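Position in the sequence shown (from 1) plus 542 gives the number in my numbering. Think of the CB as a built atom: it goes at the ideal place given N, C-alpha and C, for glycine as much as any other residue. Nothing here was measured: the structure is a model prediction, and the numbers come from that model. A short write-up of the structure that comes next.
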Amino acid sequence: MSELFGAHELDSLEGHITHWLLSMKERNETIVAVDRGDIGERRWYVRMRGEEKEFTTVWLTLGQRTLRYETYVMPAPEENAEQLYEHVLRRNESLVGAHFSIGIEDAIFLRGELPLRLVDEQEIDRVIGTLYATVERVFPVIIRIGFASRFAD
């Protein structure tokens, strides 16, 4: 089980994460926004402009043991659901630190989490970069599987 962080440690890490994300935004023109969740929430939103998918937003949530991260990839498929789910499950095999999952309303998400002791600027950069690159790589394929008739010639 991961180590439980206290309020002081979480407050410090929260400040570092905010600083790191804002610094990343300054250095990376792909990042169009870094926002916070509701007051009292230890949550951030990193919105990036994509080429294959117009925008990808990564949500980071700081808990007492882990930093959870996720991005919405696409809505529930209208067709070929079995083929789509098999495709993303097979892609899970090659992912490090993230996995595809089915979320609310059967939408496809990419998720993961880190023990807090491993959270630093380089790891947050890796996480955001991994989620962004994975979405950019798979989105054109999976959207055409799940919505095939919309792409028929």
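Asked: Given V683, which residues of its chain have a CB within under 8 Å of its CB, disregarding the five upstream and five downstream residues?; Found: H629
Asked: Along the chain, where does the beta strand (DSSP E) that runs through P657 open and close?; Found: 650–657
Asked: Rounded to whole angstroms, what's the CA-CA distance from T608 to L602? Just pull it up for me.; Found: 10 Å
Asked: Let me see if you follow: with CB-CB separation under 8 Å, is T672 close to chain D or not?; Found: Among the chains in the structure shown there is no chain D, since it carries only a single protein chain.
Asked: Under 8 Å, with one C-beta from each stretch per pair, do the segment 650–664 and the segment 613–630 reach the 3-pair mark?; Found: yes
Asked: Could you tell me the alpha carbon to alpha carbon distance between T572 and H558, rounded to whole angstroms?; Found: 21 Å
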